[in-house]
Amino acid sequence: MERILQEIATVGHRLEAMDFKITNLATDSKSICTDIASFQDSVTELDHRLTDVEGRLNALTDRKQELQFLQNKLTDLEGRSRKDKVRFFGIPERKEGTDIRPLLRDLLSELTGLVFSPTLEFQRAYRIGPPYKDASGKTRLIIVCYLRHKQVHQLLTTACAHCEYTYEGHEICMVVDFCQKLMRNGKHSRSSDLN
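The letter at position 70 of the sequence shown is residue 70 when you use full-length UniProt numbering, and the numbering goes up by one with no holes.
This is the structure we're talking about:
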């Protein structure tokens with residue numbers, strides 16, 4: 001019988017040890033469950049943040065497309081407003097007196113051989129910048145805005161075909177007054193922009 005009592009005592013000790021281990025496992029399990037819940041909260045928060053970032057990124061992408069559309073529209077409008085403007089390089093200084101328009105009418109008829117009917121009419125014609133103080137022969141750019149697009153087209157078509165003009169030893173060049181974006185990108189074609 002003592003042996004049975006010893007066996008029972010041994011089993012009791014083993015049960016106590018198992019109970020202790022089970023208690024430790026339960027504590028560890030609770031700790032793991034708490035950590036998992038914390039991780040789930042973190043994952044949920046990260047998911048919300050990611051959704052917010054994706055929403056903002058989509059909004060930025062939409063804004064970028066809108067801005068690109070508006071930039072293209074602005075470039076088109078600026079190009080259309082400049083279609084009747086021509087830049088002249090190389091026309092000697094101080095030949096025009098107080099008004100450059102009569103000089104341009106005579107000079108363009110003489111250089112191109114074109115007879116404009118009705119006569120060339122300008123909305124504006126002016127040199128860019130102040131006159132040079134020295135007599136080095138430098139010339140300032142002249143910008144001319146014509147009233148009739150047909151005359152601009154006729155003039156530039158002739159200028160493109162002839163390419164080189166000289167007046168009093170100065171090489172004269174005529175180009176369409178393209179907007180900065182087109183000039184910077186080089187995305188213009190003379191024939192398509194003349195029409």
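Virtual Cβ for every residue (Gly too), placed ideally from N, Cα, C. None of the values given here were measured: they were computed from a predicted structure.
Bridge-paired residues (DSSP) for residue i
i	result
Cys-173	Phe-89
Three-state class that DSSP yields for residue i in the structure shown
i	result
Cys-33	helix
Met-18	helix
Glu-168	coil
Phe-178	coil
Ser-191	Because Ser-191 sits at a pLDDT of 39, beneath the cut-off of 50, its placement in the model cannot be relied upon, and the point is left open.
Any chain D beta carbon closer than 8 Å to residue i
i	result
Pro-118	Reference to chain D is not applicable here, since this structure consists of a single protein chain.
Presumed contact (8 Å Cβ cut-off) between residue i and residue j, rounded CB distance
i	j	result
Thr-139	His-170	7 Å
Ile-91	Tyr-167	7 Å
* **alpha helix (DSSP H) runs contained entirely in the region 82-166, provided each spans 4 or more residues** => 101-112 and 149-162
* the region 142-162 contacting the region 69-86, beta-carbon criterion three pairs below 8 Å -> yes
* Asked: Does the region 96-105 come close enough to the region 116-133 to have 3 or more Cβ pairs within less than 8 Å?
  -> yes
* Asked: Counting Cβ pairs closer than 8 Å, one from the region 120-127 and one from the region 63-77, do we hit at least three?
  -> no
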